[in-house]
Amino acid sequence: MKFLIFIPPKDFKDESVAALKLFFDRWGVDYQITSYSTKECIGYHGAIYKPDINTNKIDESQYNGIIIVDGKGIDSYKIYEFRPFLDIILRFNRDKKYIGAMGNAIKILAKANIIKDRKISTPEDQETKRAVSLFHGTPSENDIEIDGNIITIKDTRNMESSIQKVLEHIGVK
192 MKFLIFIPPK DFKDESVAAL KLFFDRWGVD YQITSYSTKE CIGYHGAIYK
242 PDINTNKIDE SQYNGIIIVD GKGIDSYKIY EFRPFLDIIL RFNRDKKYIG
292 AMGNAIKILA KANIIKDRKI STPEDQETKR AVSLFHGTPS ENDIEIDGNI
342 ITIKDTRNME SSIQKVLEHI GVK
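Using my numbering, the first residue of the sequence shown is number 192, and each one after it goes up by one.
Shown next, in the form of structure tokens:
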């Protein structure tokens with residue numbers, strides 16, 4: 192198994208990346224951090240990650256899935272409006288590869304138009320709730336929803352149990 196962890200250049204949730212890395216390392220899941228920046232990316236609480244690969248250079252065939260990390264950077268960079276990234280998400284979906292999003296990053300899946308009639312764990316922020324409804328996702332109050340190849344995590348409060356469920360679902364654990 193090989194996954195991408197997408198982070199915006201600034202203001203991603205450090206704790207989300209740390210939890211993903213911890214569990215992926217523990218269960219032997221190969222991963223690379225990707226961003227549209229070639230420089231170091233800085234989290235909301237100051238964590239620094241240098242992307243392993245620029246998102247422009249992704250070859251989807253080399254990965255089993257992508258997880259999009261939440262945080263203020265999703266909104267400040269308007270990642271959900273960046274057509275090249277939405278196209279990457281569409282290609283992952285077309286190939287039935289896993290696509291995960293947390294918190295406000297869920298609106299990227301909505302704007303990529305891949306959530307129709309899918310159960311989506313919907314965070315509290317109104318903009319994401321509107322996007323899920325607008326793109327015909329089925330909102331869920333559950334902390335995590337796995338509907339086919341789409342994985343949504345409401346927020347980082349129960350990150351440990353959420354990631355364990357994801358790993359079990361994809362057959363790693």
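Note that CB positions come from ideal geometry on N, CA and C, so glycine has one too.
Own chain partners of residue i with C-beta closer than 6 Å, once the 5 adjacent residues on each side are dropped
i, result
"alanine 238", "Asp205"
"phenylalanine 203", "Gly234, Val260, Gly262, Gly264"
"tyrosine 271", "Lys298, Ile299, Lys302"
"histidine 360", "Ile337"
"lysine 345", "Ser312, Pro314, Asp334"
"glycine 362", "none"
Segment limits, alpha helix (DSSP H) that includes residue i
i, result
"lysine 302", "297-302"
"isoleucine 344", "Isoleucine 344 -> not in any alpha helix (DSSP H); beta strand (DSSP E) instead, spanning 341-344."
"threonine 319", "317-325"
"glycine 264", "263-267"
"serine 352", "350-360"
"isoleucine 258", "Note, isoleucine 258: premise wrong, no alpha helix (DSSP H); beta strand (DSSP E) at 256-259."
Own chain residues within Cβ distance below 8 Å of residue i, not counting five before or after
i, result
"glutamate 251", "Ile279, Arg282, Phe283, Asp286, Lys288"
"phenylalanine 326", "Ala301, Lys302, Asn304, Ile306, Lys307"
"alanine 210", "Thr347, Met350, Glu351, Ile354"
"leucine 358", "Phe214, Trp218, Val220, Lys364"
"lysine 230", "Pro200, Lys241"
Anticipated Cβ contact below 8 Å, residue i with residue j, distance rounded
i, j, result
"asparagine 247", "tyrosine 227", "7 Å"
"glycine 256", "isoleucine 290", "6 Å"
"isoleucine 311", "glutamate 336", "6 Å"
"isoleucine 196", "tyrosine 222", "6 Å"
Residue range of the beta strand (DSSP E) that includes residue i
i, result
"proline 330", "329-331"
"glutamate 206", "From DSSP, glutamate 206 is part of no beta strand (DSSP E) but of the alpha helix (DSSP H) over 205-217."
"isoleucine 290", "289-293"
"aspartate 338", "335-338"
"phenylalanine 197", "193-197"
"aspartate 221", "221-226"
Nonlocal neighbours in the same chain, by C-beta distance under 7 Å from residue i, ignoring five residues either side
i, result
"isoleucine 198", "Val208, Ile224, Ser226, Cys232, Tyr240, Val260"
"histidine 236", "Asp205"
"aspartate 266", "Asn295"
Can you confirm whether the stretch 292-300 touches the stretch 315-331 when touching is taken to mean that 3 or more C-beta pairs between the two stretches lie within less than 8 Å? Flag = yes, the stretch 315-331 and the stretch 292-300 touch.
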